[in-house]
Structure formats: C-alpha cells, structure tokens
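> Handing you a structure now.
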Amino acid sequence: MFCGQSLVNNFYKYKRKVWQNVSPIVQRCKGTYHPPKILFFGTDNFSLPSLQALHKNCGDRLGVVTSFKSPANCVRSYAEKEKLPLQKWPIDPSVCLKFDLGVVVSFGHLIPANIISGFPNGMINVHASLLPKWRGAAPIIYAIMKGDASTGVSIMKIEPHRFDIGAILAQRKVAIEPNVFMPDLHASLASLGADLLVDTVNNLSVRLKEAQPQDITKASYAPKITSKITEVIWSELSASEIYTRHRALYGYKNLTTNFLGKQVQLLELRLPEKELPMQEPGAVSYLRKARSLIIGCAQQSQLEVLQLRVEGRKPMSAQDFNNGFLKQARCLSFTENKLASTC
Numbered sequence: 001m002f003c004g005q006s007l008v009n010n011f012y013k014y015k016r017k018v019w020q021n022v023s024p025i026v027q028r029c030k031g032t033y034h035p036p037k038i039l040f041f042g043t044d045n046f047s048l049p050s051l052q053a054l055h056k057n058c059g060d061r062l063g064v065v066t067s068f069k070s071p072a073n074c075v076r077s078y079a080e081k082e083k084l085p086l087q088k089w090p091i092d093p094s095v096c097l098k099f100d101l102g103v104v105v106s107f108g109h110l111i112p113a114n115i116i117s118g119f120p121n122g123m124i125n126v127h128a129s130l131l132p133k134w135r136g137a138a139p140i141i142y143a144i145m146k147g148d149a150s151t152g153v154s155i156m157k158i159e160p161h162r163f164d165i166g167a168i169l170a171q172r173k174v175a176i177e178p179n180v181f182m183p184d185l186h187a188s189l190a191s192l193g194a195d196l197l198v199d200t201v202n203n204l205s206v207r208l209k210e211a212q213p214q215d216i217t218k219a220s221y222a223p224k225i226t227s228k229i230t231e232v233i234w235s236e237l238s239a240s241e242i243y244t245r246h247r248a249l250y251g252y253k254n255l256t257t258n259f260l261g262k263q264v265q266l267l268e269l270r271l272p273e274k275e276l277p278m279q280e281p282g283a284v285s286y287l288r289k290a291r292s293l294i295i296g297c298a299q300q301s302q303l304e305v306l307q308l309r310v311e312g313r314k315p316m317s318a319q320d321f322n323n324g325f326l327k328q329a330r331c332l333s334f335t336e337n338k339l340a341s342t343c
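When you line the sequence shown up against the UniProt record's numbering, it's residues 1 to 343, in that order.
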C-alpha cells in the first residue's frame, strides 16, 4: 500500500514538473503568454549572450542599463544597434517601476536596496559557478586554477549589501575539460547561462516559489585577481601548477617574474612532452631543438616558455630572449620571483 501511494505521488510530482516547463509554450501557442518586462544590467562579453537571448525571447519588453565609461562596451553597442531603451548607470529608482524584473549579468556594481525593491519581482543574477562555490568576481579563473573537475552556472536572487548570497532559482553543471583555457570555458558558460536565464524567465513564478537558500557552510570565494596570483614563485609552485594558473588567467592577465630589475610577462607556456635534465627551481636554460626556455620549478619539475615580454620591449620568442639576454651571462636563474645572474 505504501509503495503504491509512493508511486502515485511521484507520478503527480513528475506531471507537475513537466507542466511547469510546457505551460509557457502552450500559452505562447494560444497567444496568452507574455514574458515579463525586464530591465537588463550588464557590461561585457559574458553579459552579451544573455542580453541577446532575452531580446529574442522578450522582444520589445526589454530595457538595458550599462556603464558608459568604456567605449568598447559590447552591451551598449548591441542595445544601440537594436534600438533597445538604454539607461546610463547609475539609474533613478523610478525607472524600475516600468519593469517586472531586473536581470544582472556580469555588471560589476553592487545594486542598492531601493533599486532591487523597485521591481515587483525583484532582481536575479547569472553567476558563473555552482553557488555557493566560488562566490566573487573571478569564479571561472578559480575553478580552473584550483583544478575543479566541473563547474556551471547559477541563477540567484539579488540581495542588497553583499554579492552572490541570494537564494538559488536554477543551476546547470558542466565538466571542465582537461587543459581548457579560460576564454573557452568563459564562452561556454556565457552561452549556458543565457539558455538557463531564458528558461528561468519563462517559468519565473515557479522558480521564485521554489528558490533554495545557499548553504553558507559550503561557500568558497573567488576574489579579484591581484599581483599575488600573477607573480610566479619558482621555488613554491610546480610546473603543473604554474601552467594551470597560466590557463586560468589566459586572455585576462599574464604571469609575471622579474629579470634584473625589470618585469617579465610570460606569454606562452607549455609542459615538456618528455623528461628533461633536472634544474633547480628558478634555473633557466635554452633548449635549442625546441626553441624554448626551460625553467626549473618546485617538486623537481620543469616548464617551457615559448614567448615572453620584457618590460619596455615588444613580445619576443624564447630564441630572441636567449640571443639578446641569456648569452650576455654564463648563467642566469630565477630567485623566488626574480631572474638574476648567479655568475
């Protein structure tokens, strides 16, 4: 009897879930469904796929808020091209009264309480992690840098005064491919977030009703990237750790060290395909056949550098660096984060 009742309950639960997803489609077919009027807040190329998806889904029931500081703002360019109503941040709270919902995607500003409360349905945010993991400004970078096997996107409610603490409306998970570079994962998550956002908007009342609070005991943080992350300490980091950090920061910031008092940016790196002669952490030599610099790292590991930039100079190959710098001294090595002569 108990087993039969359980099956009945599961059936009706499944039926309700299916109907929640199908209902908006049925309503569209009947001509009775209207997506909520949305005011979109965003600034960059992670924001853009979500704006484009909302525009396709909501049509003229969409407005845009963005920063006018940068002339290369792709969100502003898209809004102007598509003739969407465009507001310059910060906005007056009265603007919110014309819309049902605020949507924030990679906006970079803390939204004041009077703006959040100005929308009948509040505000929601697309965040590039499976919250509460990697709250903060750099979740994609930290997911790669810390060697996570998977990540995802979360749609959460915006709360005043603090970032990334709101209840979760929806999440989707994705595997992190081995050796992925940050721009590729960034693009994948931006697209995934846009799809999930449209699904959430089209089922908004249900998603808001079923929103789940975050478990603060499982929270981790991905703060802004500083020089503490980009500076290489050769005696502390293995070649694998340095290369992983390079992939995580790729396209955003370069790893750095110092060469005789000048900063050096490491532009192109790789792990050796075969075992190389051992070098002490920081020791550097030139591998003629591979045309690469070989640098000793922690844990008896080696890293290849193919391209770099010395402060005040254009990017150069490892071969050019060898000809122009290494040959000037019989031996050079990195000491902590500094490349210095040991001769």
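Just so you know, even glycine gets a beta-carbon here, dropped at the ideal spot from N, CA and C. Everything numeric in this text was worked out from a predicted model, so none of it was measured.
Under the DSSP definition of a beta bridge, which residues are partnered with Tyr221?
Walking along the sequence shown from the start, residue 221 turns up at place 221. For Tyr221, which the question treats as bridged, DSSP gives the partners Arg135.
> How many Å lie between Gln27 and Tyr33 at the Cα?
The sequence position of residue 27 within the sequence shown is 27, counting from 1. The sequence position of residue 33 within the sequence shown is 33, counting from 1. Caution applies to Gln27, whose pLDDT of 49 falls short of 50 and renders its modelled position unreliable; the value that the coordinates give is listed next. Roughly 5 Å separates the two Cα atoms.
> Please confirm if the segment 181 to 191 is in contact with the segment 135 to 150, defined as three or more CB-CB distances below 8 Å between the two stretches.
In short, these stretches touch, since the Cβ pair count reaches three.
> Based on the DSSP secondary-structure assignment, which residues constitute the bridge partners of Glu231?
In the sequence shown, counting from the first residue as 1, residue 231 sits at position 231. Paired residues: Thr256.
> Between the alpha carbons of Leu293 and Ala283, how many angstroms are there, rounded?
Here residue 293 refers to the residue found at position 293 of the sequence shown. Here residue 283 refers to the residue found at position 283 of the sequence shown. About 10 Å.
> For Lys88, report the span of its alpha helix (DSSP H) as first-last.
Walking along the sequence shown from the start, residue 88 turns up at place 88. That residue, Lys88, is in no alpha helix (DSSP H); its beta strand (DSSP E) goes 86 to 88.
> Using three-state DSSP, classify Thr321 as helix, strand or coil.
Here residue 321 refers to the residue found at position 321 of the sequence shown. According to the sequence as given, residue 321 is Phe; it is not Thr. Phe321: helix per DSSP, three-state reduction.
> Tell me the residue span of the alpha helix (DSSP H) that contains Arg76.
Residue numbering aside, residue 76 sits at position 76 when the sequence shown is read from its first letter. Segment 74 to 81, the alpha helix (DSSP H) holding Arg76.
> Could you compute how far the alpha carbon of Ser301 sits from the alpha carbon of Ser238?
Numbered from its first residue, the sequence shown carries residue 301 at position 301. Numbered from its first residue, the sequence shown carries residue 238 at position 238. If I take the Cα positions, the gap works out to 6 Å.
> What distance in whole Å lies between the Cβ atoms of Pro132 and Ala219, which are believed to be in contact at a cut-off of 8 Å?
Position 219 of the sequence shown, counted from the first residue, corresponds to residue 219. Position 132 of the sequence shown, counted from the first residue, corresponds to residue 132. That pair is a contact at about 4 Å.
> Inspect the beta-carbon positions of Leu39 and Cys96 and report whether they are closer than 8 Å.
On the sequence shown, residue 39 is found 39 positions in, with the first residue counted as 1. On the sequence shown, residue 96 is found 96 positions in, with the first residue counted as 1. Taking 8 Å as the Cβ cut-off, Leu39 and Cys96 qualify as a contacting pair.
> Going by the CB atoms, is the gap between Val103 and residue 344 shorter than 8 Å?
Only positions 1 to 343 of the chain appear in this structure, which leaves residue 344 out of reach.
> In the structure shown, what three-state DSSP assignment does Gly42 receive?
Along the sequence shown, one-based indexing puts residue 42 at 42. Strand at Gly42.
> Go ahead and label Ser106 buried or exposed: buried means 16 or more other beta carbons lie within 10 angstroms of its beta carbon, across all protein chains shown.
Position 106 of the sequence shown, counting from 1, holds the residue named residue 106. Result: buried.
> Could you tell me which residues DSSP pairs with Asn114 in its beta bridges?
As a working note, residue 114 is residue 114 in the sequence shown. Asn114 is not bridged to any residue.
> How would you call Glu311, buried or exposed, if buried means at least 16 neighbouring beta carbons within 10 angstroms?
Indexing the sequence shown from 1 puts residue 311 at position 311. By the 10 Å Cβ count, Glu311 comes out exposed.
> What does the alpha-carbon distance come out to for the pair Leu267 and Lys228?
Locating residue 267 in the sequence shown gives position 267, where the first residue counts as 1. Locating residue 228 in the sequence shown gives position 228, where the first residue counts as 1. Distance between the alpha carbons of Leu267 and Lys228: 18 Å.
> With distances taken between CB atoms, is the gap from Trp89 to Ala222 smaller than 8 Å?
In the sequence shown, residue 89 corresponds to position 89, counting from 1. In the sequence shown, residue 222 corresponds to position 222, counting from 1. No, Cβ-Cβ distance for Trp89 and Ala222 is not below 8 Å.
> Considering only residues of the same chain and omitting the five flanking positions on each side of Cys29, which have a CB-CB separation below 6 Å?
Stepping through the sequence shown from its first residue, residue 29 is reached at position 29. Note that Cys29 scores a pLDDT of 46, beneath 50, so its modelled location is shaky and nothing firm can be said.
> Going by beta carbon distance, what residues of the same chain come within less than 6 Å of Leu255, once the five residues before and after it are set aside?
Residue mapping note: residue 255 aligns to position 255 of the sequence shown, counting from 1. Once the five neighbours on either side are set aside, the close Cβ partners of Leu255 are Thr230, Val232, His246, Leu266.
> Anyone know if the C-beta pair for Cys297 and Leu306 falls short of 8 Å?
If you number the sequence shown from 1, residue 297 lands on position 297. If you number the sequence shown from 1, residue 306 lands on position 306. No.
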